[in-house]
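Colleague: Take a look at the following structure, please.
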Amino acid sequence: MSSRIRKSPRRSAPAAIALSLLLGITATACGDDGSGIAGEEGSEGSGKGTITFWDNNTAVRRGIWMEIIKDFEKKYPDIKVDYVGIPAENAQSKYDNSIQGGGLPDVGGVGAAMLAAIAAQGALEPLEDRLAASPLDGELSKSMLASTTSAGGTSQLLMVPTSANNGVLYYRTDLFKAAGLDAPTTWSKFYEAAGHLTAKDKNQFGYTIRGGVGSIAQALDAMYGQSGIKSFWNADETKTTVNDPKNVAALERYTALYKKTTPAADLNNNFTQMVAQWDGGRIGMLSHNLGSYQDHVKALGPGKFRGLPNPKAAGGKRVQVSNPIDGLSIFKTSTKKKAAWKFVEFASSHRASSKFNESAGLIPANNKAVKDAWVEKSEPTRLAADALNSPATTIVQLPYYLPDWNTISKAENEPAFQKVMLGKTSAKGFLDDLADQLNTAQADWKRQNS
């Protein structure tokens, strides 16, 4: 295979930006990693030549991308792919630095959480017209396309989705059977099981709740799932629904589980510690996502647990918050957009989508790939895909487009959420504060984009 493999250089952000600005013209002229500086207009090109592709999670996905690139170059011998691997934790800064200083790729892997920040700098090519004229039109998940458009903060499609994760409620089938409990398919059955399976004197608990890093997103999923509220914002999108009385009541009930039906260690547990604790075998249920499925298979064996979509609310409707989506974007500065689109189209096609997502353990965006045998064999993936694409499921779109979203939904409020778990702060007080921050961020974003 002729594609070259290069690793992204590691520099501090300020140094990288300064160096990029000083050497931007030289780097662009030499073709360093890509095609140019944001704001420059590229061109369609001949549909041939070498394109540069940045993988935004090289530690995990390098191998599968090498396979897909090999297949692509076999089908399109006039196009070669220059693969550049970037560690996931460096992807956002790498894009930001190159937008300012030059050297953007033709095609890049982009996640929903970073999409709006890149789009706001005018770096991405709108793709809705290309998709409409492609064999892929009608073949991709409508739910993922909607989430992707929402995450970009505009009405344009700036990323073709390839994969999605989804919330999963894992439960110990052996413990449920021994206790005569129904599967936790509804929130009432979930709470019943959490209490019934707890025996503190035997160090057995019904549930493990995430109180450390990453706790806010999981709490939001539990809140909206119980309340049944279908939108993150009010009708004119100026006020969040996060502190609606129904959400307050849902959070009160959810956090009341702490130390009552959960281990005390949950207060500081991140997902790694939470998963390891559940895999120890003395806890009935765990809320996580598809990413931990293989860990549970190794620790417990496939016959002792199941993974279900989040429980349904009263009335049989399922409401869940949007989960991270990955995809591929074309950069405006590319001088080979025709060839770049062929790569995006190929990577999103049935066979390539299936191969990629089976390797990654994620839900394919391609509807044909969702029906493949490996999805059927992986029950959590199959059920998650069914729920995600079901018209009976409502997806509450989280505001990934807000520049302050990551700060608000993580470090800025995780300690405050722990105080709710400890009973030092009320659920209402916590959600009112969270709502004030979100409303301010939304107002700022609207002003900047009016």
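1 is the number of the first residue of the sequence shown in the working numbering; add one for each residue after it.
Don't be surprised by glycine CBs; every beta carbon is placed ideally from N, CA and C.
In this structure, how does DSSP classify Leu308 when only helix, strand and coil are distinguished?
Modeller: Residue 308 sits at position 308 when you count from the first residue of the sequence shown. The answer is strand: DSSP assigns Leu308 an E or B state.
Colleague: Can the beta-carbon of Arg282 be found closer than 8 Å to that of Ala392?
Modeller: Working through the sequence shown from its first residue, we reach residue 282 at position 282. Working through the sequence shown from its first residue, we reach residue 392 at position 392. No, the Cβ-Cβ distance between Arg282 and Ala392 is not below 8 Å.
Colleague: Distance, Cα to Cα, Lys189 vs Ala178?
Modeller: Walking along the sequence shown from the start, residue 189 turns up at place 189. Walking along the sequence shown from the start, residue 178 turns up at place 178. Those two C-alpha atoms are separated by around 16 Å.
Colleague: Hey, which unbroken runs of the alpha helix (DSSP H) at 4 residues or more fall wholly within the segment 182-247?
Modeller: Qualifying alpha helix (DSSP H) stretches, in chain order: 187-196 and 215-227.
Colleague: Which runs of the beta strand (DSSP E) spanning at least 3 residues fall entirely within the segment 268-340, listed in chain order?
Modeller: Counting only runs of 3 or more, we get 283-289, 305-308, 318-321 and 325-330.
Colleague: By DSSP, does Lys260 sit in helix, in strand, or in coil?
Modeller: By one-based count along the sequence shown, residue 260 stands at place 260. DSSP places Lys260 in coil when its eight states are reduced to three.
Colleague: Classify Gly206: buried if its beta carbon has 16 or more other beta carbons within 10 angstroms, exposed otherwise.
Modeller: In the sequence shown, counting from the first residue as 1, residue 206 sits at position 206. It is buried - the Cβ of Gly206 has at least 16 other Cβ atoms within 10 Å.
Colleague: Comparing alpha-carbon positions, which option in Ala113, Gly138, Lys70 and Thr52 lies nearest Val107?
Modeller: Taking the sequence shown and counting its residues from 1, one reaches residue 107 at position 107. Minimum Cα distance to Val107 is reached at Thr52.
Colleague: Thinking just about the alpha-carbon of each residue, which of Asn268, Glu73, Pro161 and Ser141 is nearest to the one in Leu388?
Modeller: For this step, residue 388 is matched to residue 388 along the sequence shown. Among Asn268, Glu73, Pro161 and Ser141, the Cα nearest to that of Leu388 belongs to Ser141.
Colleague: For Ser134, which residues in the same chain have their Cβ closer than 7 Å to its Cβ, ignoring the five residues on either side in sequence?
Modeller: In the sequence shown, the residue the question calls residue 134 occupies position 134. Excluding positions up to five away in sequence, the list reads Glu345.
Colleague: Between which two residues does the alpha helix (DSSP H) carrying Tyr401 extend?
Modeller: Taking the sequence shown and counting its residues from 1, one reaches residue 401 at position 401. Looking at the DSSP string, Tyr401 is not in any alpha helix (DSSP H), and its letter there is neither H nor E.
Colleague: In the DSSP assignment, find the unbroken beta strand (DSSP E) run with Tyr83 in it and report its ends.
Modeller: In the sequence shown, the residue the question calls residue 83 occupies position 83. Residues Ile79 to Gly85.
Colleague: In the DSSP assignment, find the unbroken beta strand (DSSP E) run with Gly108 in it and report its ends.
Modeller: Taking the first residue of the sequence shown as position 1, residue 108 is located at position 108. Element bounds for Gly108: Val107 to Gly111.
Colleague: Could you give the C-beta distance for Val81 and Ile69, rounded to a whole number, given that I count them as a contact under 8 Å?
Modeller: As a first step, residue 81 must be located in the sequence shown, where it is residue number 81. As a first step, residue 69 must be located in the sequence shown, where it is residue number 69. With a Cβ gap of about 5 Å, Val81 and Ile69 count as contacting.
Colleague: Candidates Ala352, Leu169, Ala217 and Gly49: which alpha carbon is nearest Val455's?
Modeller: Residue 455 lies beyond the residue range present for the chain, which begins at 1 and ends at 450; the question has no answer from this structure.
Colleague: With DSSP as the reference, label Thr425 as helix, strand or coil.
Modeller: Within the sequence shown, residue 425 is the residue found at index 425, counting from 1. Of the three classes helix, strand and coil, the one that applies to Thr425 here is coil, per DSSP.
Colleague: How would you write the range of the beta strand (DSSP E) that Ala164 sits in, first residue to last?
Modeller: Counting from 1 along the sequence shown, the entry for residue 164 is found at position 164. It spans Val160 to Ala164 - the beta strand (DSSP E) in which Ala164 sits, taken as one unbroken run.
Colleague: Which residues does DSSP pair with Trp54 in a beta bridge?
Modeller: Counted from its first residue, the sequence shown places residue 54 at position 54. Paired residue(s): Val84 and Gly108.
Colleague: Thinking just about the alpha-carbon of each residue, which of Asn268, Leu267, Ala265 and Leu286 is nearest to the one in Val275?
Modeller: Locating residue 275 in the sequence shown gives position 275, counting from the first residue. Considering only alpha carbons, the answer is Leu286.
Colleague: Just mark Lys312 as buried or exposed, buried being the case when its beta carbon has 16 or more other beta carbons within 10 Å.
Modeller: As a first step, residue 312 is located in the sequence shown; it is residue number 312 there, counting from the start. Label assigned to Lys312: buried.
Colleague: So, for Ser231: in the same chain, excluding its five sequence neighbours on each side, which residues have a beta-carbon less than 7 Å away from its beta-carbon?
Modeller: The sequence position of residue 231 within the sequence shown is 231, counting from 1. Only Thr241 and Val396 meet the Cβ criterion.
Colleague: Quick one: is Pro105 near chain B, going by C-beta distance under 8 Å?
Modeller: Given the protein chain composition of this structure (a single chain), no chain B is represented.
Colleague: Using three-state DSSP, classify Thr393 as helix, strand or coil.
Modeller: Indexing the sequence shown from 1 puts residue 393 at position 393. Of the three classes helix, strand and coil, the one that applies to Thr393 here is strand, per DSSP.
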